[in-house]
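> Residue numbers (the numbering used here): 49 to 353.
Note that the Cβ used here is the ideal one computed from N, Cα and C, for glycine as well.
Let me give you the structure first, and then I'll get to my questions.
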Amino acid sequence: MKDRLTDGLYGLGWSTVKKLPEPVAERLGRTIADTVWKRRGKGVLRLESNLARVVPDASPQRLTELSRAGMRSYLRYWMESFRLPSWSRERIADGFDVKDVHHLTDGLAAGKGVILALPHLGNWDLAGAWVTTKLGTPFTTVAERLKPETLYDRFVAYRESLGMEVLPHTGGSAFGTLARRLRAGGLVCLVADRDLSASGVEVKFFGDTARMPAGPAMLAQQTGALLLPVTLWYDDSPVMKGRVHPPVDVPETGTRAERTSVMTQALADAFATGIAEHPEDWHMLQRLWLADLEPRAATPAGEAS
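The following block contains the structure:
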């Protein structure tokens with residue numbers, strides 16, 4: 049029943065929100081964001097805890113302001129995403145302004161393949177739609193298998209409608225397919241700021257240890273593709289902003305694991321730069337740092353957990 053309800057709510061968003069006038073959708077997003085923020089649920093408290101690491105000198109008042117702005121940014125992402133399939137090509141092309149895009153276009157022109165690695169900043173779906181529309185460049189990405197399966201199918205269909213090739217995260221074949229696309233001179237885009245699996249690479253992130261995926265660095269080593277960090281943010285305008293950071297080079301020495309560690313740390317550092325500049329646009333409502341994942345002490349018998 050819960051799975052059907054979740055799928056139904058997302059379906060309602062894509063079928064209804066995209067029909068609303070843009071100002072109405074914006075007001076609806078802010079209203080939902082403020083309502084959720086005031087309830088102080090687990091997601092909001094986790095966001096606030098994560099922001100406390102990003103802005104360690106923030107006062108309690110500043111943190112609550114940041115978390116409220118963060119929820120508004122998060123709901124802006126959802127309102128935009130629900131409406132993206134109905135946007136015109138011109139609206140998509142004009143909806144994103146990116147600095148230093150020459151790193152991407154020069155890399156594609158060289159024909160070596162390019163990997164874009166992004167954190168959960170701003171609206172990565174809009175950035176992807178801009179790439180397929182404004183630059184006319186298709187790309188391949190990976191999506192986590194959501195439950196229920198019908199919800200995963202909705203996300204795949206949504207992203208494919210924006211011009212993306214979507215591979216499932218599970219199943220073991222994604223890495224090989226991504227490598228083939230890159231060797232053919234193609235583009236791969238990966239959200240890469242959170243990986244809690246055993247294969248995640250430990251990095252220093254805002255002064256503490258977190259895990260991030262090894263995939264971007266390993267793909268760059270194996271295929272010779274250019275690895276570019278990208279950060280996104282909102283301002284007070286309807287146009288999302290972004291920056292393509294300089295390439296992350298493959299170290300000349302070290303084992304494969306050592307090179308992967310160095311490159312993933314470089315990605316983490318680039319992500320941290322963008323997140324520190326625009327903390328309210330980092331949509332991280334889950335646990336990230338290893339210290340936050342440590343198991344709690346056993347609950348004594350007879351006490352509620």
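#1: Asp329: buried (16+ other C-beta within 10 angstroms of its C-beta) or exposed?
#2: Give, in chain order, every unbroken run of the alpha helix (DSSP H) that is at least 4 residues long and sits entirely within the segment 120-154.
#3: I think Leu95 touches Gly118, with their Cβ atoms under 8 Å apart; what is that distance to the nearest whole Å?
#4: Pairing CB atoms from the segment 106-117 with CB atoms from the segment 133-147, are three or more of them under 8 Å?
#5: With a threshold of 8 Å, are at least 3 pairs of Cβ atoms found where one atom belongs to the segment 263-276 and the other to the segment 230-244?
#6: Closest by CA to Glu213, which one among Lys182, Gly176, Arg231 and Gly248?
#7: Would Arg207 and Asp173 be called neighbours here (beta carbons separated by less than 8 Å)?
#8: Any idea if Leu93 is buried or exposed, counting beta-carbon neighbours within 10 angstroms, 16 or more meaning buried?
#9: Determine which residues share a DSSP beta bridge with Ile80 and list them.
#10: From the DSSP output, in three-state form, read off Pro277 for me.
#11: Quick one, are the C-beta atoms of Arg231 and Gly161 less than 8 Å apart?
#12: If we count Cβ pairs, one from each stretch, closer than 8 Å, do we get three or more for the segment 263-282 versus the segment 311-319?
#13: Per DSSP, which residues does Ile163 bridge with? Please list them.
#14: How far does the alpha helix (DSSP H) with Leu315 in it extend, from its first residue to its last?
#15: Output needed for Trp281: all residues of its chain with C-beta closer than 8 Å, excluding positions within five of it in sequence on either side, in chain order.
#16: Could you have a look at Leu114 and say whether DSSP puts it in helix, strand or coil?
#17: Taking buried to mean at least 16 other C-beta atoms within 10 Å of its own C-beta, is Thr83 buried or exposed?
#18: Find out if the Cβ-Cβ distance for the pair Phe187, Leu235 is shorter than 8 Å.
#19: Assign Gly143 to one of two classes, buried (16 or more other C-beta atoms within 10 Å of its C-beta) or exposed (fewer than that).
#20: For the alpha helix (DSSP H) containing Ala100, name the first residue and the last one.
#21: Whole-angstrom Cβ separation of Leu164 and Thr257, contact assumed at under 8 Å?
#22: In the structure shown, what three-state DSSP assignment does Thr189 receive?
#23: What whole-angstrom Cβ distance do Phe253 and Ala205 have, given they're in contact under 8 Å?
#24: Can you tell which of Arg88, Ala73 and Arg87 has the C-alpha that lies nearest to the C-alpha of Arg124?
#25: Cα-Cα, which of Lys67, Pro108, Tyr122 and Pro69 is closest to Gly91?
#26: Assign Arg307 to one of two classes, buried (16 or more other C-beta atoms within 10 Å of its C-beta) or exposed (fewer than that).
#27: Going by beta-carbon coordinates alone, are Met127 and Val190 separated by less than 8 Å?
#28: Compare the beta carbon distance of Ala141 and Lys182 with 8 Å and say whether it is the shorter of the two.
#29: Do you know how far the Cα of Val278 is from the Cα of Gln334?
So, from the data block:
#1: buried
#2: 137-142
#3: 5 Å
#4: no
#5: yes
#6: Gly176
#7: yes
#8: exposed
#9: BP columns for Ile80 are empty, so no partner.
#10: strand
#11: yes
#12: yes
#13: Val236 and Leu275
#14: Arg304 to Glu325
#15: Leu169, Gly170, Met288, Lys289, Gly290, Gly322, Glu325, His326 and Asp329
#16: helix
#17: exposed
#18: yes
#19: buried
#20: Lys90 to Val102
#21: With a Cβ gap of about 25 Å, Leu164 and Thr257 do not count as contacting.
#22: strand
#23: 33 Å between Cβ atoms; not a contact.
#24: Ala73
#25: Tyr122
#26: buried
#27: no
#28: yes
#29: 21 Å
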